[in-house]
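Below: the structure, in structure tokens.
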């Protein structure tokens, strides 16, 4: 593909009620190059489709898409794919960083006390300026609407942080007349003993239709009346002709549930026969079962563009629906992939090339970039507000606050206005800041340094100098350090009629740095204890093989000419937290590709024909 293709977005039909500063009205969504990177095939026989199911989407294949919601919608539009039901659970603007612990896979073999965690990895950053969030979501709602069928529904799941504002957005995009229900999902849980408010234990789900017709399968979601006699006592007492036969019918038929639902959160339930899938924002199966049963038929396409732990796709597959699951985070894609494989689903995995992503998410990529900048300190270290990413400290101890625009985000005039407002606030503090840096990676900016200077001078609100600087210039000769992949020593030996494949050594530069950081923190906190050999007790040491750094091993022995990965599920080795991978495997061929996933979620693929692999036949 020579250059990305643009698709026009249909303007919202409802009244624009949000006239906030910085409002952006999107007109297009961009189609980026999208590659098929993996095919998941199951050996078990699939259920035969009914004639109705064949008619709905006869040629559609289930999809798991790694990429942003906006990019995924552009791809679906290019393929003329229409979805019948959308459930989205986007960021809640909660002000939190959702993270998961990283565990060494053989804690018993590694010198580390208490548990085998070496820290946390940010899954995604949920810290937003309100206006940024609403603009971001507005654009994606318009994109989702583009690929919805005329009778499709959308369920949008949020909580108290931003839900009231988003309700107004939904009215604008889908029309307030198309609000079907405002559903309250309530659940129980402990609260702090010294709380000075009621315990917040509910989320809100907005259900909108695209038009004036929609699917609603009331028979599939009815629940039992607790006591039909009591419920309809007034009808009996009024002499309106109710009989015992009516009561029996009510008891058999059940009732349509109210618009408040009570389900336990996933953290307090077992999922798929195991403990929960270790994803911070995982939703319970029962919640998605009710939504999917109510608003779709078998064979219809159910889409989730913030799929997270994969609950929507898993339930859709279980209920004989087709699915599109999308997420920008590699961790979410991996969690969903493994869960769907276990559920017996068949699907393709696509990757959208919509920007530079060194790791699973922008937060991790940004952290890597900043680690290469001399004198950089985090916002927390400098006690700056959450808006700033950190600062560059000179030898005299003064610093220049840093704001990173983003990997693939254009610094527009509107965005600059928002940033300048934060700079004006710095002017009113006693920090003594005289200069800030705005770092960008996007190649074609809407503005330049001269424009920035003019806007600052025109405002008359600050004497702080604002420097616009490219990431390429800032890193200069260190750019090669961005791409330091993991590596492995692999050996192949002939064993009878099979081939023994052994991972002799594995090394991850990123995890080495992570462990060094962990050890440094222990020293800083004074938690080390010196032995007679002056060695730090409980310091994490990587073994000679490094196999404890590996979470999963997968093989592809098909070696298709088009390069698409096809997992051999029989050869998959996924280690539990307190277990480790085997490291040695028997194959029927010495021609293969091996995918190695480390405990932080990053992956490398090595082919058997690479010169680094030792072969002994």
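Residue numbers (my numbering): 171 to 787.
C-beta: ideal position from N, C-alpha, C; glycine also.
The structure presented is a predicted model; accordingly, all values stated were derived computationally and were not measured.
* Asked: Measuring CB to CB, does residue 619 end up less than 8 Å from residue 638?
  -> yes
* How many Å lie between residue 415 and residue 422 at the Cα? -> 11 Å
* Which one or two residues does DSSP pair with residue 560 in a beta bridge? -> 548, 572
* When the Cβ atoms of the segment 309-325 are set against those of the segment 249-263, are three or more pairs found closer than 8 Å? -> yes
* To do: In the DSSP assignment, find the unbroken alpha helix (DSSP H) run with residue 677 in it and report its ends.
  => Where residue 677 is concerned, there is no enclosing alpha helix (DSSP H), although the beta strand (DSSP E) it sits in stretches over 668-677.
* Would you mind reading off the limits of the alpha helix (DSSP H) that contains residue 638? => Segment 635-640 is the beta strand (DSSP E) holding residue 638; no alpha helix (DSSP H) there.
* **Span separating the alpha-carbon of residue 785 from that of residue 656** => 21 Å
* Asked: Which residues in the same chain have their Cβ closer than 6 Å to the Cβ of residue 372, if we skip the five residues on either side of it in sequence?
  -> If we look at residue 372 and ignore the five residues flanking it on each side, its Cβ neighbours are 354, 356.
* Applying the criterion that 16 or more other CB atoms from any shown protein chain within 10 Å of the CB defines a buried residue, is residue 365 buried or exposed? -> exposed
* Looking at the unbroken alpha helix (DSSP H) that takes in residue 767, where does it start and where does it end? -> Run containing residue 767: none in the alpha helix (DSSP H); it sits in the beta strand (DSSP E), 763-768.
* Asked: Among the residues of its own chain, which have a CB less than 8 Å from the CB of residue 682, if the five just before and after it don't count?
  -> Around residue 682: 712.
* Asked: So, do the segment 452-467 and the segment 198-209 have three or more beta carbon pairs nearer to each other than 8 Å?
  -> Taking 8 Å as the limit for Cβ pairs, the verdict is that the segment 198-209 does not touch the segment 452-467.
* Asked: At which residues does the beta strand (DSSP E) containing residue 492 begin and terminate?
  -> Annotation: the continuous beta strand (DSSP E) that includes residue 492 extends over 492-497.
* To do: Compare the C-alpha of residue 715 against each of 724, 688, 690, 754 and name the closest.
  => 754
* **Residue environment, residue 370, which counts as buried when at least 16 other CB atoms sit within 10 Å** => exposed
* Helix, strand or coil for residue 123 per DSSP? -> Because the chain here runs from 171 to 787, residue 123 falls outside it and cannot be looked at.
* So, using beta-carbon positions, are residue 501 and residue 333 closer together than 8 Å? -> no
* Decide if residue 342 is buried, meaning its Cβ has at least 16 other Cβ atoms within 10 Å, or exposed. => buried
* Asked: Taking the Cβ atom as the reference point for each residue, do residue 524 and residue 496 lie within a distance shorter than 8 Å?
  -> Going by C-beta atoms, residue 524 is not nearer than 8 Å to residue 496.
* Asked: Looking at C-beta atoms only, is the number of pairs between the segment 501-518 and the segment 227-238 that lie closer than 8 Å three or more?
  -> Segments in contact, yes.
* Report the option in 330, 484, 175, 735 whose CA atom is closest to the CA atom of residue 368. => Restricting attention to 330, 484, 175, 735, the CA atom closest to the CA of residue 368 is found in 330.
* Beta-carbon contacts of residue 433 that lie in its chain and below 7 Å, excluding the five residues immediately before and after -> 355, 357, 454, 456, 457
* Asked: In terms of DSSP beta bridges, what is residue 212 paired with?
  -> For residue 212, which the question treats as bridged, DSSP gives no partner whatsoever.
* Candidates 762, 361, 431, 389, of which the one nearest residue 788 by Cα -> It is not possible to answer for residue 788, since the shown part of the chain is limited to 171 through 787.
* **Residue of 261, 350, 318 minimising C-alpha distance to residue 306** => 261
* Asked: What's the gap between the Cα of residue 563 and the Cα of residue 635?
  -> 16 Å
* Asked: Would DSSP call residue 352 helix, strand or coil?
  -> strand
* Asked: To which residues does DSSP link residue 183 through a beta bridge?
  -> Bridge partners of residue 183: none, in fact.
* Asked: Under the rule that 16 or more other beta-carbon atoms within 10 Å means buried, what is residue 775, buried or exposed?
  -> exposed
* **Alpha-carbon to alpha-carbon, residue 227 and residue 379** => 20 Å
* To do: Sort out for me which residues DSSP pairs residue 665 with in a bridge.
  => 668
* Run of the beta strand (DSSP E) containing residue 629, from where it starts to where it stops -> Under the DSSP assignment, residue 629 falls outside any beta strand (DSSP E), being part of the alpha helix (DSSP H) whose first and last residues are 619-629.
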